[in-house]
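K.L.:
Residue numbers (our numbering): 2 to 494.
Glycine is no exception: its CB is placed at the ideal position from the N, C-alpha and C atoms.
Predicted model, so just to flag it, every value in this text is computed and none were measured.
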């Protein structure tokens, strides 16, 4: 066989091996997305379609309706919108998540390089002394220069899909970081809205409590005068002082919670508390969303970032099984070298100085003490671990939606009762005030009625705040609507 034919058959063999590596099988399981739970509702029994009317407001649940990406606009608060805009631009946790996503994307781009041949070039220059005595010759030693200029190429044939599974895992890692970033975004928006609502609620409760304390002080003063005049027992004074002290004791914790809310808003906005002025959000100005979307259970697992992140981790674990399985099979690489070497720079590029080689190398594991086998078993168990984590994430998500639906039901019922208590105490106060003007009631009775009204007002404000916050929780539990953003998400998401 002539030299030309030998080289031709070598290249044909290399070409066939290359085709087999490209179109060959990738061992290990192909990832399949888990099916959503086969349920049609979130709660046991009949799911609510609307809450009771509380404070003149009914919240209706629209099953299958879409979740707005900018759901916080439904609360109609320019102050909250302004804080959110600042937080999305400056929050450090969100920036870290964005950097993690960019890092995983660059790692994926780097991983694709394994499918291309790897070229390297090198040059070396050395001065050597050759001693023929090493080979039993009595010739004199010689000193010479030696120059080498060479290019090498290396290509790993991915016959059993080890590299393809590795890159598949890198793609899944990008998905994981993307959904982690979306989860960070959703957590940030909900924290800002919730904290702003809490801040407004604490401010309203502080004002109502301060009014209550003023009334109690006035009531104590009147009772003390009555005790000194001998028309009231002194025990009444002690009782009122106890009530005043107990009410005053509730004020510092409210101020502390208000400060914490303001400090948290500053942190979420990427500022220190000392350099940031909190917005003044009035609880009465916040609008309660009336029509609330309820995603179908089959859609929830494709919407929530935490579920999608858990699914991406499951995909990574599946790809790892393929990588561990391919390690049990042979590895084939192609190597080629072309270069020039000479003892003189002027002759380095002469035809007589060139050399080349081409080779195909194959290696297969024979005995590794069970390492490769048990690494594959470990990868399979890792997949089972992430599968269980995924299922638990789904269960927790469904429970969160169910909790929020029931909470909104009960919030409306609580607010209805508190509204009735506030209305009743307000009517009693007006009646006693009228009797006081007519001379049939004492001023002390007016103060007592006013105190009861203020207490009912504080409870009412707490119920209003809780209803607003549970509404925020529902939007978060449904995934926040990021999938239908249409350009409303900030840059990088």
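#1: Throw me the rounded Cβ distance for the residue 120 and residue 149 pair, which I believe falls under 8 Å.
#2: Please name the residue in 47, 27, 38 and 56 whose C-alpha comes closest to that of residue 412.
#3: Does the distance from the CB of residue 394 to the CB of residue 308 come in under 8 Å?
#4: Alpha carbons only, please: which of 227, 281, 163 and 219 is nearest the one belonging to residue 197?
#5: Quick check: the Cα distance between residue 251 and residue 463, rounded to an integer number of angstroms?
#6: Counting only the same chain and skipping the five closest in sequence on each side, list residues whose C-beta sits under 7 Å from that of residue 469.
#7: So what does DSSP say about residue 126, is it helix, strand or coil?
#8: Can you give me the Cβ contacts of residue 22 inside the same chain, cut-off strictly under 8 Å, excluding the 5 residues immediately before and after it?
#9: With a floor of 3 residues, list each beta strand (DSSP E) that falls wholly inside the segment 181-232, ordered by position along the chain.
#10: Could you pull out every residue in the same chain whose Cβ sits closer than 7 Å to the Cβ of residue 360, ignoring the five residues on either side in sequence?
#11: Do the CB positions of residue 207 and residue 255 come within less than 8 Å of each other?
#12: Hey, how far is the Cα of residue 397 from the Cα of residue 415?
#13: Tell me, to the nearest whole angstrom, how far the beta carbon of residue 358 is from that of residue 343; I am working on the premise that it is less than 8 Å.
#14: Is it buried or exposed for residue 213, if we count other Cβ within 10 angstroms and need 16 for buried?
#15: Which same chain residues end up closer than 8 Å to residue 194 when comparing Cβ atoms and leaving out the 5 residues on each side of it in sequence?
#16: Suppose you measure from the CA of residue 58 to the CA of residue 107; what does that come to, to the nearest Å?
#17: Identify the residues that DSSP records as bridge partners of residue 283: which are they?
#18: With a 10 Å radius around its C-beta and 16 neighbouring C-beta atoms as the bar for buried, classify residue 231 as buried or exposed.
#19: Mark residue 316 as exposed unless 16 or more other C-beta atoms lie within 10 angstroms of its C-beta, in which case mark it buried.
#20: Looking at the secondary structure, which residues open and close the alpha helix (DSSP H) in which residue 295 lies?
#21: By Cβ distance below 6 Å, which residues in the same chain neighbour residue 39 in space, the five residues on each side in sequence not counted?
#22: Can you grab the Cα-Cα spacing for the pair residue 417 / residue 241, in whole Å?
#23: Using three-state DSSP, classify residue 110 as helix, strand or coil.
#24: Could you give the distance in angstroms between the alpha-carbon of residue 363 and the alpha-carbon of residue 330?
#25: Would you say residue 141 reaches chain D, if we count a Cβ-Cβ gap shorter than 8 Å as a contact?
#26: If you draw a straight line from the C-alpha of residue 326 to the C-alpha of residue 311, how long is it?
#27: Just list the residues that DSSP pairs residue 120 with in beta bridges.
#28: Using a threshold of 7 Å, is the CB atom of residue 126 nearer than that to any non-hydrogen atom of the ligand SAH?
#29: Could you spell out the range, first to last residue, of the beta strand (DSSP E) harbouring residue 332?
#30: Please report how far the alpha carbon of residue 458 lies from the alpha carbon of residue 180, in whole angstroms.
#31: For a test of the three-state rule: what should DSSP assign to residue 22, helix, strand or coil?
#32: What is the residue span of the beta strand (DSSP E) that residue 357 lies within?
#33: List the endpoints of the continuous alpha helix (DSSP H) containing residue 61.
#34: Under 8 Å by Cβ, that's how I've got residue 306 and residue 388 pegged, so tell me the actual separation to the nearest angstrom.
#35: From residue 174 to residue 168, what does the alpha carbon distance come to, in whole angstroms?
#36: If you measure between the beta carbons of residue 224 and residue 237, is that distance less than 8 Å?
P.N.:
Straight from the coordinates:
#1: Not really, about 17 Å apart at Cβ, beyond 8 Å.
#2: 56
#3: yes
#4: 281
#5: 14 Å
#6: 198, 287 and 289
#7: strand
#8: Interpretation of residue 22 is limited by its pLDDT of 49, a score under 50 that renders its predicted location unreliable; no figure is taken from the coordinates.
#9: none
#10: 336
#11: yes
#12: 26 Å
#13: Actually they do not touch by this definition, with Cβ atoms about 18 Å apart.
#14: buried
#15: 73, 76, 81, 85 and 473
#16: 51 Å
#17: None, per the DSSP bridge assignment.
#18: exposed
#19: buried
#20: Segment 292-295 is the beta strand (DSSP E) holding residue 295; no alpha helix (DSSP H) there.
#21: none
#22: 30 Å
#23: helix
#24: 11 Å
#25: In summary, chain D is missing from the structure at hand, where a single protein chain is found.
#26: 23 Å
#27: 154
#28: The ligand SAH is not among the ligands present in this structure, which contains no ligands whatsoever.
#29: 332-343
#30: 43 Å
#31: With a pLDDT of 49 at residue 22, under the threshold of 50, the predicted position of this residue should be treated as unreliable, and no value is reported.
#32: 355-364
#33: It is not in any alpha helix (DSSP H) - residue 61 instead sits in the beta strand (DSSP E) that spans 61-64.
#34: Incorrect: roughly 19 Å between the Cβ atoms, too far for contact.
#35: 10 Å
#36: yes
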